[in-house]
Amino acid sequence: MKKECMIEAKTIRPTTYKGKHLKCDSCGIRYSKRDYSILFKAKKIIYFELMGQILCHDCFYQALDIIMQQENLDVLRVNLTDGRSKKILRLDKK
Ligand SMILES: [Zn+2]
2 MKKECMIEAK TIRPTTYKGK HLKCDSCGIR YSKRDYSILF KAKKIIYFEL
52 MGQILCHDCF YQALDIIMQQ ENLDVLRVNL TDGRSKKILR LDKK
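Going by our numbering, the letters in the sequence shown line up with residues 2 to 95, in that order.
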């Protein structure tokens with residue numbers, strides 16, 4: 002039997018984000034809200050909120066990998082919302 006888990010995460014939309022800068026809590030990469038807005042629309046950069054942390058795209062996927070390894074999961078489903086719509090990301094064990 003496969004071990005599965007579901008977690009919640011959020012895409013940070015520049016239009017609803019309150020701060021002036023976005024900074025990844027893991028690697029520290031940061032953008033002004035203005036730059037983020039441009040890059041987000043161009044689908045170049047997306048920040049995520051996961052378990053109370055703000056993470057850049059790379060750190061988000063790294064964090065998901067770590068969760069999968071720590072929990073020894075075969076499948077991790079991420080319930081991803083952007084405040085308007087929802088989608089489910091599915092990650093399978095490598
Ligand atoms: Zn990062």
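Glycine is no exception: its CB is placed at the ideal position from the N, C-alpha and C atoms. In this text the structure is predicted, and so the values were computed from the model without any measurement.
From the DSSP output, read off the bridge partner residues of residue i.
{"i": "Lys49", "result": "Here the sequence assigns Phe to residue 49, which means Lys is not the residue at that position. Phe49 pairs with Thr12, Leu56."}
{"i": "Cys5", "result": "Strictly speaking, residue 5 in this sequence is Glu, with Cys absent from that position. Per DSSP, Val76."}
Are the beta-carbon atoms of residue i and residue j separated by less than 8 Å?
{"i": "Val76", "j": "Lys3", "result": "yes"}
{"i": "Phe15", "j": "Phe49", "result": "With the sequence shown as reference, residue 15 is identified as Pro, and Phe is not the correct amino acid for it. It is not a contact, given that the beta carbons lie outside the stated cut-off."}
{"i": "Leu81", "j": "Ala10", "result": "yes"}
{"i": "Leu92", "j": "Leu65", "result": "yes"}
Whole angstroms are fine: how far does the CA of residue j sit from the CA of residue i?
{"i": "Thr12", "j": "Phe61", "result": "11 Å"}
{"i": "Leu90", "j": "Leu51", "result": "13 Å"}
- request: Would you be able to state if there are at least three C-beta pairs under 8 Å between the stretch 80–95 and the stretch 50–60?
  value: Between the stretch 50–60 and the stretch 80–95, the count of C-beta pairs closer than 8 Å stays below three; the two stretches do not touch.
Three or more C-beta pairs below 8 Å linking the stretch 69–80 and the stretch 32–41: The count of Cβ pairs closer than 8 Å, one atom from the stretch 69–80 and one from the stretch 32–41, stays below three, leaving the stretches out of contact.
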